[in-house]
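Asker: This is the structure I have questions about; it appears just below.
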Amino acid sequence: MPSSSTVPMTDHQHNDEEITPERLAQLAASYAADKKAIDLQVIDLRGVSSYTDFFVICSGNTDRQTKAIHDAIHEGLKKDHGQLPRRVEGVGESRWILMDYFDVVVHVFVPEVREFYRLEQLWGDVPRLDVDLLEVPQR
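Okay, so the sequence shown: first residue is 16 according to this note's numbering, each after it adds one.
Have a look at this one:
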């Protein structure tokens, strides 16, 4: 999909709305922040990746916290915005959870796994979105 594409809403209550990949990344990061995710980064891959526009990368201190972050993102995007991931991997072990929303891929790690794979370093020269400006969704 071209980077200027929008992701259509899938929930019938939101069928007239569209959400951009950038907004989807911001929302996912906001839900993660609400669960006290640490070292939260949103990496802008538009123009450098053919399979996604944004990575949202964060950590939880424990596998229990990574699961809680996953749950918050999944439920928030589903209930509030009608968005469901194409696939989710890693929830059982909860050491690296990957949530694929097509134009946005969310990675939730425990710190030692994140340090081992170092995804941010692979994309060191691409822009980041300012996560300090994110709005935490009201529930």
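For each residue, glycine too, the CB sits at the ideal point set by N, CA and C. A quick note: this is a predicted structure, and the numbers were derived from the prediction, not measured.
Using 8 Å as the threshold, is the C-beta distance between Pro131 and Ser74 below it?
Answerer: It should be pointed out that residue 131 corresponds to Phe in this sequence rather than to Pro. Contact: no.
Asker: Answer yes or no: do Arg129 and Phe117 have a C-beta to C-beta separation smaller than 8 Å?
Answerer: For the pair Arg129 and Phe117, the CB atoms are not nearer than the 8 Å cut-off.
Asker: With 16 other CB atoms within 10 Å as the buried threshold, where does Tyr46 fall?
Answerer: By the neighbour-count definition (other C-beta atoms within 10 Å, threshold 16), Tyr46 is a buried residue.
Asker: Answer yes or no: do Ile84 and Leu134 have a C-beta to C-beta separation smaller than 8 Å?
Answerer: no
Asker: My guess is that Asp59 and Phe69 are in contact by the Cβ rule of under 8 Å, so how many angstroms apart are they, rounded?
Answerer: For a cut-off of 8 Å, the C-beta gap from Asp59 to Phe69 is around 6 Å, short enough to register as a contact.
Asker: Can you give me the C-alpha to C-alpha distance between Ala43 and Leu92, rounded to a whole angstrom?
Answerer: Distance between the alpha carbons of Ala43 and Leu92: 7 Å.
Asker: When DSSP builds the beta bridges, which residues end up paired with Leu229?
Answerer: One cannot answer for residue 229 here, as it falls past the ends of the chain, which runs 16 to 154.
Asker: Helix or strand or just coil, what does DSSP make of Leu134?
Answerer: helix
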